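Residue numbering for the sequence shown follows our numbering, beginning at 231 and increasing consecutively. Idealized CB from N, CA, C, for every residue including glycine. Model, not experiment: these values are computed from the prediction. What follows is one structure encoded as structure tokens, with my remarks underneath.
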Amino acid sequence: MTSQPSKGMYVCTLGTGGGPIVSASRAGTSTAVRVDGAVYLFDCGMGSIRNYRDHADWGELRGIFLTHHHSDHIYDLGSYMVTGWEVPGESFARPIEVHGPDSPIRRPAMSHDCGSSSEQDFVGPAMTSTVEIVDALLDRVFASDIAIRMADEGRSDPHDWIQPRNIEIPESAGAHPVDCRHPEMDPFIVYEDELVSISAILVDHRLCFPAFGFRIDSEYGSVVISGDTAVSRNLERLASDVDLLVHEVMDLPGILRTFPDGPTRDGIEAHLRESHTSYTEVGKVARRANAKSLVLNHVVPNTPGAADLTTMRSTAACDFGGQVVIAEDNDVFEVRTDSMTSLTGPSISSEQVVQPV
Ligand SMILES: [Zn+2]
231 MTSQPSKGMY
241 VCTLGTGGGP
251 IVSASRAGTS
261 TAVRVDGAVY
271 LFDCGMGSIR
281 NYRDHADWGE
291 LRGIFLTHHH
301 SDHIYDLGSY
311 MVTGWEVPGE
321 SFARPIEVHG
331 PDSPIRRPAM
341 SHDCGSSSEQ
351 DFVGPAMTST
361 VEIVDALLDR
371 VFASDIAIRM
381 ADEGRSDPHD
391 WIQPRNIEIP
401 ESAGAHPVDC
411 RHPEMDPFIV
421 YEDELVSISA
431 ILVDHRLCFP
441 AFGFRIDSEY
451 GSVVISGDTA
461 VSRNLERLAS
471 DVDLLVHEVM
481 DLPGILRTFP
491 DGPTRDGIEA
501 HLRESHTSYT
511 EVGKVARRAN
521 AKSLVLNHVV
531 PNTPGAADLT
541 TMRSTAACDF
551 GGQVVIAEDN
561 DVFEVRTDSM
571 TSLTGPSISS
581 EQVVQPV
């Protein structure tokens, strides 16, 4: 990121809003982690690409990691892949790996009355894998643009620059798309280079399977990105002793106040209750994980003034002894192991930084 020193580990919250609702104040969820001269991107929420370019060059990007396939986490994926493809002065410096969920093969239907599902309830269209999504974007959605630019400008095949990978869940975990979507398991490595090791674990995002949390370890420190999850023992295991935990947060009464009554509201309330983490729980998650600092993102509701940010932060701080910050777009946090994580950024003030209690 252009405003940070060339050495060190930094987290930039490119987009901090949760859900498929357009917000005037928050881009969709996306987080960049910079280690020395390399940038790793976690999720591609709506509008985040503009903030990416404020903080990093295309030549620094090494990989994109998708926590899950909900639209608010992948809206900008195609933009990220095509924008850095051989534009003079704005190009990838190396092939970009895109890691994300494989297809669960079939989609389970769930009764909102009993909250259960069964093998007999599979309905709806086939779901897709990360490789299929990437190929569809390059070979279908952007096919005309790509064909024209290859012929007109002499560009090479974008597949040479974009390398998708479906994350393989270890069989020993015993995961199943219906019966066991988030078994207790150990984290497993999905990516390594000379600067970072990135590991993943299944988290609890209700019917959304697979859904991952990611941990990034470097010589400077460690970061965990929760992805979307209800309170999850796996996430707490992934975040054990982590220097900086970036966790989703929800103000459930706040988001429900924005919906009109009706069956659609009932359905989404069930989704929210069982798929996400309330601000009344997130501080306890950080405490049980023994995290050093807690940054809250994927803020729901995401529209200006709809979430009670003051109550969200103070409640989480009461449950957790470390620093608690509700991220805004473009906040930057330095990650260190030799001391309490240093937090920097425009939203950090003496009022907002909560001292250990
Ligand atoms: Zn989600």
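Across which residues does DSSP place L526 in a beta bridge pair? According to DSSP, which records beta bridges pairwise, L526 is partnered with H477, I556.
Give me the Cα-Cα distance between G551 and Y310, rounded to the nearest whole angstrom. Rounded to whole angstroms, G551 and Y310 show a C-alpha spacing of 37 angstroms.
Rounded C-alpha distance that separates P413 from S508: Inter-residue distance for P413 and S508 is about 22 angstroms (C-alpha atoms, whole angstroms).
Spatial neighbours of S448 in its chain, beta-carbon cut-off 7 angstroms, leaving aside the 5 residues before and after: Correct list, in chain order: M239, V265, L425, V426.
Please determine if the segment 397 to 408 and the segment 425 to 442 are in contact, where contact requires at least 3 C-beta pairs separated by less than 8 angstroms. Under the three-pair Cβ rule at 8 angstroms, the segment 397 to 408 counts as touching the segment 425 to 442.
Cβ-heavy atom distance between D434 and ligand 1 below 6 angstroms? Incorrect: D434 has no Cβ contact closer than 6 angstroms to ligand 1.
CB of D387 to nearest heavy atom of ligand 1: below 6 angstroms? No - ligand 1 has no heavy atom lying nearer than 6 angstroms to the Cβ of D387.
With a threshold of 16 other CB atoms inside 10 Å of the CB of E422, please say whether the residue is buried or exposed. Classification for E422: exposed.
Neighbourhood of R518 by C-beta distance below 8 angstroms, restricted to the same chain and skipping five residues each side: A distance below 8 angstroms between beta-carbons, with the five flanking residues on each side excluded, links R518 to the following residues of its chain, in chain order: E466.
Secondary structure of I498, DSSP reduced to three states: Reduced to three states, the DSSP call for I498 is helix.
Would you mind sorting A180 into buried or exposed? The rule is 16 or more other CB atoms within 10 Å of its CB. This structure cannot settle anything about residue 180, because the visible part of the chain is limited to 231 through 587.
Collapsed DSSP secondary structure at D409 in the structure displayed: In this structure, DSSP gives D409 a state outside helix and strand, which the three-state scheme calls coil.
Across the segment 468 to 478 and the segment 296 to 312, are there enough close Cβ pairs to call them in contact, namely three or more that are closer than 8 angstroms? Contact between the segment 468 to 478 and the segment 296 to 312 is absent, because fewer than three Cβ pairs lie under 8 angstroms.
Determine the extent of the beta strand (DSSP E) in which P394 is found, giving its start and end residues. Here the beta strand (DSSP E) through P394 covers 392 to 397.
I need the boundaries of the alpha helix (DSSP H) containing H303, first residue and last residue. Where H303 is concerned, the enclosing alpha helix (DSSP H) stretches over 301 to 304.
Tell me which residues pass a beta-carbon proximity test against ligand 1: closer than 5 angstroms to any heavy atom, given in chain order. After applying the 5 angstroms Cβ criterion, the set is H300, D458.
In whole angstroms, what separates the C-alpha of V328 from that of A356? Approximately 21 angstroms, taken between the alpha carbons.
Nonlocal neighbours in the same chain, by C-beta distance under 7 angstroms from C344, ignoring five residues either side: For C344, the predicted model reports a pLDDT of 38, less than 50, meaning its position is unreliable; a value from the coordinates is still stated below. Annotation for C344: no residue places its beta carbon closer than 7 angstroms to its own, counting only its chain and skipping 5 residues before and after.
How many Å lie between F444 and D416 at the Cα? CA-to-CA, the gap between F444 and D416 works out to about 12 angstroms.
Would A536 and T488 qualify as a contact pair, given that the criterion is a beta-carbon distance under 7 angstroms? Yes; because the gap between Cβ atoms is below 7 angstroms, this pair is in contact.
Thinking W288 and G314 are a contact (beta carbons under 8 angstroms), I'd like their distance in whole angstroms, please. Contact holds; Cβ gap of about 4 angstroms.
Cut-off 6 angstroms between Cβ atoms - residues of its own chain near S359, not counting five sequence neighbours on either side: Cβ neighbours of S359 beyond the five flanking positions: D332, S333, N396.
Give the DSSP bridge partners of C242, in chain order. In the DSSP output, where bridge partners are listed per residue, C242 has A262, V562.
Grab me the residues of I376's own chain with a C-beta within less than 7 angstroms of its C-beta, minus the 5 sequence neighbours each way, in chain order. The residues are L368, P388.
Where do the ends of the alpha helix (DSSP H) carrying A516 lie? Unbroken alpha helix (DSSP H) run through A516: 509 to 519.
Do you know offhand how far D491's Cα is from E499's? Their Cα atoms are separated by approximately 11 angstroms.
Assuming L526 contacts A547 (C-beta within less than 8 angstroms), just tell me the rounded distance between them. In this structure, L526 and A547 do not form a Cβ contact; the two beta carbons are roughly 11 angstroms apart against a cut-off of 8 angstroms.
Of the residues S452, P493, E362, T540, the one placed nearest M480, counting alpha carbons only: Of the candidates S452, P493, E362, T540, the one whose C-alpha sits nearest the C-alpha of M480 is T540.
Is DSSP giving Y450 helix, strand or coil here? Three-state result, Y450: coil.
Boundaries (first-last residue) of the alpha helix (DSSP H) holding G484: According to the DSSP assignment, G484 belongs to the alpha helix (DSSP H) that extends over 482 to 486.
First and last residue of the uninterrupted beta strand (DSSP E) at H329: Note, H329: beta strand (DSSP E), 326 to 331.
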